[in-house]
Amino acid sequence: MRRNSEDGSFEVRRARLDEVGRLAEIESRSSARPWSRRLLEAELRNRHSTVLIADLEGFELAGFLVYWTVVDELHLLNLAVDLDFRRLGAATVLLDAMLSDGGSRKARSVLLEVRQDNLAAKSLYLSYGFRPVGIRPRYYPAEGKDAISMELSL
Ligand SMILES: CC(C)(COP(=O)(O)OP(=O)(O)OC[C@H]1O[C@@H](n2cnc3c(N)ncnc32)[C@H](O)[C@@H]1OP(=O)(O)O)[C@@H](O)C(=O)NCCC(=O)NCCS
């Protein structure tokens, strides 16, 4: 069922390994080439990786964000919000939490790739001040689509 802003506000916390099934479900509803359950589990076990989730009390978790910390850079690898919870600010609280963590780790920048025709995600990243820094041709080979590399200086 579609949620609305009356339902409350999201809390962000690190994902647990036993939540991998729900992450895989959200991912499969969000991407044409979803990450597999095995890949998600590998990220949950990877000490360089942080997997955050946005939780709305009383509901299934709404979305997740995966990033790596590489020296003084954060690499945003995945961000997905389940269809029923979109446009309620889940991605915003997840990005805010990542940036706050990056600030405390003294990170200098955040890097990501986004599909060129992904208007929702591009609009979200632009609103945070990410700027396009390059094109990666056919980064999504199955769809024959390019990616835009984006960077945010912290
Ligand atoms: C992109 C995505 C993560 C946004 O999640 P969300 O929780 O709905 O985003 P938020 O509610 O925090 O939106 C924040 C802002 O992003 C922008 N935005 C989000 N969805 C948008 C859309 N469909 N169209 C245009 N702008 C959009 C808006 O500026 C929005 O602010 P507003 O609602 O006040 O106008 C979600 O649509 C999604 O999971 N998409 C599929 C997976 C994906 O593309 N991931 C990104 C991979 S790089």
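Residue numbers for the sequence shown follow our numbering, beginning at 1 and rising by one.
From the three backbone atoms N, C-alpha and C, an ideal C-beta is built for every residue, glycine too.
Using 8 Å as the cut-off, can you tell me whether the segment 35 to 43 makes contact with the segment 55 to 62, which would need three or more C-beta pairs spanning the two stretches below that distance?
no
Is it buried or exposed for Val133, if we count other Cβ within 10 angstroms and need 16 for buried?
exposed
Where does Ser104 sit, in a helix, a strand or coil, going by DSSP?
helix
Pairwise C-alpha distance: Leu95 and Ser31:
Cα-Cα distance, rounded: 19 Å.
In three-state DSSP terms, what is Leu56?
coil
Out of Arg16, Leu99 and Arg136, which has the shortest C-alpha to C-alpha gap to Asn46?
Of the candidates Arg16, Leu99 and Arg136, the one whose C-alpha sits nearest the C-alpha of Asn46 is Arg16.
I'd like to confirm something about Ser127: is its beta-carbon nearer than 7 Å to some heavy atom of ligand 1, or not?
yes
Do you know whose CA, among Ser153, Ile135 and Pro141, lies nearest Ala147's CA?
Ile135
Beta carbon of Val114: closer than 7 Å to some heavy atom of ligand 1?
yes
Taking a contact to mean a Cβ-Cβ separation below 8 Å, would you say Ser149 touches Leu119 in this structure?
no
Is the beta carbon of Ala90 less than 8 Å from the beta carbon of Ala54?
yes
Pick from Leu83, Ser9, Val70 and Ala121: whose alpha carbon is nearest that of Leu23?
Leu83
Candidates Leu76, Asp72 and Tyr125, of which the one nearest Arg105 by Cα
Asp72
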